[in-house]
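In order, the protein sequences belong to chains L and U. Using this note's numbering, count along the first sequence one by one with no gaps and you end on 157. Using this note's numbering, count along the second sequence one by one with no gaps and you end on 157. Just below is one structure, and these are the notes that go with it.
2 protein chains.
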Amino acid sequence: MIKLIALYEKPDDPDAFWEHYFAVHAPLTMTLPGIEAVNLNRVTADAFGGEPRYVLIAEMVFPDRATFDAAMRSPENRALGQDLRSFARGIATVLVTEEASA
Amino acid sequence: MIKLIALYEKPDDPDAFWEHYFAVHAPLTMTLPGIEAVNLNRVTADAFGGEPRYVLIAEMVFPDRATFDAAMRSPENRALGQDLRSFARGIATVLVTEEASA
């Protein structure tokens, strides 16, 4: 399993960020070819106290590397990247991950 | 669903880090009362290039807030925190998150 995990820092305008995220960006994510699931985790606290470094951790789940690679090359992913830059420029870290066993 | 998500930056000694993580820390995580699952995501790349900010994103999954709160107050969690400080001091960010719907 391959997951693309996006970490979002606190936006300047949280209301506008969340509205755009749920109305536009999350639906665009679901159009990626081969995507299995999108898991959204809203951060409520830092376990050790203080201001959390991120407000949202979004996971895009793909069954395998070939499906992931094809999704990344798709026109849908280009549109997703353009949208990301329109509302989350400078606050999004996006990492490619592979599932490991505990 | 409540997830505790731990983000690990690159350790000074990667071999020692991974050995301790899989031999000691991951098994300790599984002892938390009420925990449903532990999902381990090893970071392979930053989607936009460059050195990834983290090497591992670990998710500890709890069914609800009450179960999570009880787990955090448990002796097992104190042991887990002690272990974390022993091998990942200064490189771990741990966030409390709630599942949101896309």
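Heads up, the beta-carbon is just placed ideally off N, CA and C, and yes, glycines get one too.
Between PRO153 of chain U and chain L, is the shortest Cβ-Cβ distance under 8 Å, so that the two count as touching?
Per the sequence shown, the amino acid found at residue 153 of chain U is Glu instead of Pro. Closer than 8 Å: yes.
Beta-carbon spacing of ALA102 of chain U, VAL151 of chain L below 8 Å
yes
Along the chain, which unbroken stretches of the beta strand (DSSP E) at least 3 residues long are found entirely within the region 85-147 of chain U?
92-101 and 111-117
Tell me, please, whether the CB atom of LEU83 of chain L is closer than 8 Å to any CB atom in chain U?
no
Short of 7 Å in beta carbon distance, which residues of its chain neighbour GLU91 of chain L, apart from the five on each side in sequence? Order them along the chain.
VAL116, PHE117 and PRO118
Contact list for ALA102 of chain U against chain L, beta-carbon separation under 7 Å:
LEU59, VAL149, LEU150 and VAL151
Can you give the Cα-Cα distance for MET127 of chain U and PRO69 of chain L, rounded to whole angstroms?
29 Å
Just to make sure I have the definition right: I need the residues of chain A whose C-beta is within less than 7 Å of the C-beta of PRO107 of chain U. Which are they?
The question asks about chain A, but that chain is absent: this structure's protein chains are L and U.
Given 8 Å as the limit, is there contact between the region 133-151 of chain L and the region 70-90 of chain U, that is, 3 or more CB pairs closer than that?
no
Best match in L:GLY104, L:VAL79, L:ASN94 and L:GLU114 for proximity to ALA134 of chain L [C-alpha to C-alpha]:
L:VAL79
Does the beta carbon of THR86 of chain L come closer than 8 Å to any beta carbon on chain U?
no
Hey, could you find the ends of the beta strand (DSSP E) ALA61 of chain U is sitting in?
57-63
Is it buried or exposed for PRO66 of chain U, if we count other Cβ within 10 angstroms and need 16 for buried?
buried
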